[in-house]
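Protein chains in written order, with numbering that gives the first Met the number 0: chain A, 0 to 450; chain B, 0 to 420.
Idealized CB from N, CA, C, for every residue including glycine.
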Amino acid sequence: MTSPDNEPEAMASSPDKSLSQPESGRPYYMQEIKPGKHRAGKTFWQTLREEFYADNSFTVTLAAIVLALFLGGVLMIIGDANVRAQWGYFFYQPLTTLEASWDLVSQAYTDMFKGSIVDPEVLRYWYWNLPMPSGNIPTWQTALRPLSETLTNAAPLVFTGLAVAIPFRAGLFNIGGQGQAIMGAIGGGTVGLALSLPAALHIPLAILAGALLGGFWGYVVGLLKAKTGAHEVIVTIMLNYIALYFLIWYIRQSFADEPTRSDLISKPAKETALFPKIFDDSLRVNLGIVLAILAAAGVAWMLKRGTFGFELRAVGYNPNAASTAGIKVGATLALTMALAGALAGLGGTTMVLGTAQNLTGEVVGQIGFNGILVALLGRVKPWGVVGAALLFGALQAGGAAMQTFSGISNELVTVIQAMIVIFVAAPLLVKAIFRLRRSPVAAAQAALAKG
Amino acid sequence: MTSAVITPELALPASFWTRERKTGAVLVALGLVASVWFTLASPSSPATFYLGTSTQSGANFEIDGKIGCLVFGLIALAAGAILLATGKHYGLLVSISLAAFVLSALIWQVSTVHGSVPLGSLSTITMEASLPLIFGALAGVMCERSGVVNVAIEGQLLTGAFFAALFGTIAGSYWAALGAAAIGGALISLILAWLAIRFLVDQVVIGIVLNTFALGLTGFFYEQVMRTDTEAYNNPGGLPHWTIPGLSKIPIVGPAIFSGTLLTYVALALVVVLTIALFRTRWGLRTRAVGEHPAAADTVGIKVLGLRYVNVLVAGLIAGFGGAYFSMVTATSFTKNITGGLGFIALAAMIFGRWNPVGAFLAAVFFGFAKALSSLLQALQSPIPSEFLAMLPYIATIFAVAGLVGRVRAPAADGKPYVKG
Chain A
0 MTSPDNEPEA
10 MASSPDKSLS
20 QPESGRPYYM
30 QEIKPGKHRA
40 GKTFWQTLRE
50 EFYADNSFTV
60 TLAAIVLALF
70 LGGVLMIIGD
80 ANVRAQWGYF
90 FYQPLTTLEA
100 SWDLVSQAYT
110 DMFKGSIVDP
120 EVLRYWYWNL
130 PMPSGNIPTW
140 QTALRPLSET
150 LTNAAPLVFT
160 GLAVAIPFRA
170 GLFNIGGQGQ
180 AIMGAIGGGT
190 VGLALSLPAA
200 LHIPLAILAG
210 ALLGGFWGYV
220 VGLLKAKTGA
230 HEVIVTIMLN
240 YIALYFLIWY
250 IRQSFADEPT
260 RSDLISKPAK
270 ETALFPKIFD
280 DSLRVNLGIV
290 LAILAAAGVA
300 WMLKRGTFGF
310 ELRAVGYNPN
320 AASTAGIKVG
330 ATLALTMALA
340 GALAGLGGTT
350 MVLGTAQNLT
360 GEVVGQIGFN
370 GILVALLGRV
380 KPWGVVGAAL
390 LFGALQAGGA
400 AMQTFSGISN
410 ELVTVIQAMI
420 VIFVAAPLLV
430 KAIFRLRRSP
440 VAAAQAALAK
450 G
Chain B
0 MTSAVITPEL
10 ALPASFWTRE
20 RKTGAVLVAL
30 GLVASVWFTL
40 ASPSSPATFY
50 LGTSTQSGAN
60 FEIDGKIGCL
70 VFGLIALAAG
80 AILLATGKHY
90 GLLVSISLAA
100 FVLSALIWQV
110 STVHGSVPLG
120 SLSTITMEAS
130 LPLIFGALAG
140 VMCERSGVVN
150 VAIEGQLLTG
160 AFFAALFGTI
170 AGSYWAALGA
180 AAIGGALISL
190 ILAWLAIRFL
200 VDQVVIGIVL
210 NTFALGLTGF
220 FYEQVMRTDT
230 EAYNNPGGLP
240 HWTIPGLSKI
250 PIVGPAIFSG
260 TLLTYVALAL
270 VVVLTIALFR
280 TRWGLRTRAV
290 GEHPAAADTV
300 GIKVLGLRYV
310 NVLVAGLIAG
320 FGGAYFSMVT
330 ATSFTKNITG
340 GLGFIALAAM
350 IFGRWNPVGA
360 FLAAVFFGFA
370 KALSSLLQAL
380 QSPIPSEFLA
390 MLPYIATIFA
400 VAGLVGRVRA
410 PAADGKPYVK
420 G
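Right, dumping it as structure tokens:
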């Protein structure tokens, strides 16, 4: 197995050599640039318009999302017994069939929007202070609830996304976010339920414990990679399961086990360890999202300006050259994985102390695996990860609403998320489907980078 | 002649602590643990082993707890010591030592509770637990020998299980179920091959994403379609059990190998067929060439991409077929995430088996044995937590890839897309 490409954009390199040749036959940096105008005599707006319908990362991402939502709609139609039956009469009543399909899909996506961003109806009733059809006058909390859910879901995904993105830049593919998050949840959860401290001390200590335990779980991977060359993909997959079994065993131990429950659940974390809610106690959004944004900002700064970030990227581009330049490659790899593990551990801690409160077998959900998708969608850049995590958080919050109101299984969100990432990872496919032009700006940048 | 004095050994003194000797030292330590700790801890009450599947009747033998622990502990110790002293016969001595250690531990645990162990059942459970791993690992071997990393085994197994349940119920025949299962696995393979070979997407990335895709897709249709009408869509029934008369009466291994569903026989046959095909046929030679050095293979006229497509698709057929195990052997219906990560253990088995069909088979059986042992010890109410036994395959794999238990080497071109020119 190879390490992933170090160039984030180059998840797929172009097989078609002709694509990388500019139309005029000369590279962009050799073309004449007319004074006072943007490149090759185009105005700024012309460039922008052309750029929008070209294969830059923004358009490809947007196209991937549109494509995935479209296919998600197709799946809804196949999955609905009534509409599926209606398609049997397609040639008899084509309009009725299409209408039924449209109603199903548009209703589901409307519910998704209402559940993740804002419900315009609630907003209207709240603004005019009118009672809803149900009789209650909506409060500002009701209006903010969808956004709160989105942010709550996004917070751990930012952490696990960063935990994949940082090693990716160092040439490592960290599949172990799940295991690292589990260890983080154990660390944070244990401090939360076992110690009695004032909140000002309890929360930082729990966060530290989560980061340390997750970091240790990542460090093992980096160490094995550096010392023995063990492939990190395999080691992390295995450590995910070891962590899961450890969690299951751990919860059963007498100091953690909840004596009044027979199922696999620990005592709840103490009040003082729970992350404070940001807006209101009735809204779930908590300290986790603030920490996540701070972490993303820190990672962005580190990768761009920090010494360690420079070393990390140098190792990612070319370990031999980095070694020649005096960078300790092994230590950098181990530290990178420790940092990634610590971030994923924070994700797990956020799950326990932000929302769940108890340790259970599924306390971290799928955040580790979703973090991989988030990182790939965010093109392994810190702020890209934040954006992707917000999108995934919104999809999950919307999916829950869709399941409640339209009766369509939440699992659809998993499929949509996977499809978005498949399309983003295969830009050539998206380009072929939407017949996107070649991006002039990207071409110029590529030419400059090579030159 | 003065030049004759300088022997190669003198010119380049080899370090005493080779990998073999280090492993030998570890094994000696394990042997000491077994022959001292286990022996002292176990009572001198007997542990009874039945050869058949019943603990009530049939041939059996008893081993005194203390004596059994000591004997097998000393065997483990001796094998480790020989390895430490000579550094030769690595594979054989490691196997003997580890097997003796496990037996010593088993006798200790069984004699502590005055229990009896039906060895026939143990081997049957082992075989059944290793079945999906065998299919998955062989699918991995097929793919990776031709240079395409297959992390999507989990997705292929899951889709196979789903298709078996859905189409088996609709068609009302288990033959249709098995065929549909194979096609289901191949569909995931098709996406993998198409994106990895045609669009050059990173193979590990796409494999991981495909697992999530398969998990979501099967979960969605399970909730939307199967749950709404279980009778019509999720009632495939079990596969029939076929017992070969005579052979199935062989003590210990008979019930495991010669009594089971079609999947058991197909799995065993596949190991043989794939070994012969990979190392004795033209297709095998070409597959290995494409996996090791595609450019060289291309030079002599082998169609690299075509061969990779075929191999990835056939791998999908194999894994998907094995997926039927989940919805038609251990259960008689499909549930969400029914594979529960076994595809990843299959991946581990492939690596542990060094990308070799027989090795993958043995690794799968080893992992299956760990599972059987953990359920046995749980049934005996052993103090060893079953979770730690369940970790065993994963820990073993980490040791394997870290080069502590033999060196593993992937095909040279594994995971590298091939671009002509």
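Mind pulling the chain A residues with CB within less than 8 Å of B/MET390? Within chain A, the C-beta atoms nearer than 8 Å to that of B/MET390 come from TYR240, ILE241, TYR244, PHE245, in chain order.
For a contact meaning CB atoms closer than 8 Å, what does A/VAL234 contact in chain B? Chain order gives the chain B residues near A/VAL234 as ILE397, VAL400, ALA401, where near means a beta carbon separation below 8 Å.
For B/ALA46, write down the residues that DSSP places opposite it in a beta bridge. Residue pairing by DSSP puts B/ALA46 in a beta bridge opposite B/ILE62.
Applying the 10 Å Cβ sphere with the 16-neighbour rule, what's the burial state of A/GLU22? In this predicted model, A/GLU22 has a pLDDT of only 47, less than 50, meaning its place in the structure is not dependable; the value taken from the coordinates is given anyway. With fewer than 16 other Cβ atoms within 10 Å, it is exposed.
Short-range partners of chain A found in the region 210-227 of chain B, where Cβ spacing is below 9 Å: Of all residues in the region 210-227 of chain B, ASN210, THR211, PHE212, ALA213, LEU214, GLY215, LEU216, THR217, GLY218, PHE219, PHE220, TYR221, GLU222, GLN223, VAL224, ARG226, THR227 have a Cβ within less than 9 Å of some Cβ in chain A.
On the DSSP letters alone, give me the boundaries of the alpha helix (DSSP H) that A/PRO93 sits inside. Taken as a continuous stretch (DSSP letters only), the alpha helix (DSSP H) holding A/PRO93 covers 93-115.
Please classify B/GLY259: does DSSP put it in a helix, a strand, or coil? DSSP places B/GLY259 in strand when its eight states are reduced to three.
For the 8 Å Cβ check, are there 3 or more pairs between the region 387-404 of chain A and the region 109-117 of chain A? Because the criterion of three Cβ pairs below 8 Å is met, the region 387-404 of chain A and the region 109-117 of chain A touch.
CB-CB under 6 Å to A/THR349, same chain, minus the five flanking residues each way: which ones, in chain order? Excluding positions up to five away in sequence, the list reads ALA154, PRO155, GLY287.
Quick check on this structure: which residue in B/THR85, B/PRO356, B/GLN108, B/TRP107 has the alpha carbon closest to the alpha carbon of B/ARG18? Minimum Cα distance to B/ARG18 is reached at B/THR85.
For B/VAL116, name the three-state secondary structure that DSSP assigns. Here B/VAL116 carries a strand assignment [DSSP, helix/strand/coil].
Grouping DSSP H, G and I as helix and E and B as strand, with all else coil, what is A/ARG83? Residue state, collapsed to three classes: helix.
Between the CA atoms of B/VAL116 and B/ASP297 - distance to the nearest angstrom: Cα to Cα, the separation comes out at about 55 Å.
CB B/VAL303 to CB B/TYR417, shorter than 7 Å? Yes, they are a contact pair.
In angstroms, rounded to a whole number, what distance separates the CA positions of A/GLY325 and B/GLY414? In this model, A/GLY325 and B/GLY414 are separated by some 30 Å (Cα to Cα).
For B/ASP63, which of B/VAL27, B/VAL109, B/VAL101, B/GLY90 has the nearest alpha-carbon? Nearest of B/VAL27, B/VAL109, B/VAL101, B/GLY90 to B/ASP63, Cα basis: B/VAL109.
Chain A partners of B/ALA347, CB-CB under 8 Å? Annotation: Cβ neighbours of B/ALA347 in chain A (cutoff 8 Å, chain order): ILE233, ILE236, MET237.
Using a 10 Å radius around the Cβ and a threshold of 16 neighbouring Cβ atoms, would you call A/PRO130 buried or exposed? Exposed.
Are A/ALA424 and A/LEU375 closer than 7 Å when you measure CB to CB? Contact flag set, yes.
Could you tell me which whole alpha helix (DSSP H) segments of length 4 or greater appear in the region 113-194 of chain B? List check, alpha helix (DSSP H) in window: 118-144, 152-170, 173-192.
Taking C-beta pairs closer than 8 Å, name the residues in chain A that B/LEU121 reaches, listed in chain order. Ordered by position in chain A, no residue passes the 8 Å Cβ test against B/LEU121, which lies about 21 Å from the chain.
Since B/PHE387 meets chain A, which of its residues come closer than 9 Å, beta carbon to beta carbon? The contacting residues are TYR244, PHE245, TRP248.
For A/PHE274, which residues from the same chain have a beta carbon less than 8 Å from its beta carbon, with the 5 sequence-adjacent residues on both sides left out? For A/PHE274, same chain residues with a beta-carbon under 8 Å away, outside a window of 5 residues either side, are ILE202, ASN285, LEU286, GLY287, THR349, LEU352, GLY353 in chain order.
DSSP beta-bridge partners of A/THR359: Partner(s): A/ILE264.
A/THR159 touches chain E at which residues, Cβ-Cβ below 7 Å? The displayed structure is made up of protein chains A and B, and chain E is not among them.
Beta-carbon neighbours of A/ALA80, restricted to chain B and to distances below 7 Å: Near A/ALA80 (Cβ distances below 7 Å), the residues of chain B are THR227.
Whole-angstrom distance between B/GLY245 and A/ILE174, CA atom to CA atom: Spanning the two alpha carbons is a distance of roughly 48 Å.
Residue of B/LYS419, B/LEU376, B/ALA409, B/PHE398 minimising C-alpha distance to B/HIS113: Nearest C-alpha to B/HIS113: B/LEU376.
With 7 Å as the threshold, decide whether the Cβ of B/PHE343 is near any Cβ in chain A. So yes, B/PHE343 belongs to the interface.
Anticipated Cβ contact below 8 Å, B/LEU238 with B/LEU262, distance rounded: Rounded, the Cβ-Cβ distance is 7 Å, consistent with contact.
Along the region 189-218 of chain A, what residues have a CB closer than 7 Å to any CB found in chain B? Cβ contacts with chain B: none found.
Alpha helix (DSSP H) segment containing A/HIS201, residue limits: It spans 198-227 - the alpha helix (DSSP H) in which A/HIS201 sits, taken as one unbroken run.
Flag A/GLU410 as yes if its beta-carbon sits less than 7 Å from any beta-carbon of chain B, otherwise no. Chain B, which has a Cβ nearer than 7 Å to the Cβ of A/GLU410, makes this yes.
Whole-angstrom C-beta distance between A/VAL190 and A/ALA272, which should lie under 8 Å: Indeed, because the Cβ distance is near 7 Å, the residues count as touching under 8 Å.
Does the distance from the C-beta atom of B/ALA179 to that of B/PHE166 stay below 7 Å? Contact: yes.
Would you list the residues sitting across from A/ASN285 in a DSSP beta bridge? Beta-bridge partners of A/ASN285 (DSSP): A/LYS276.
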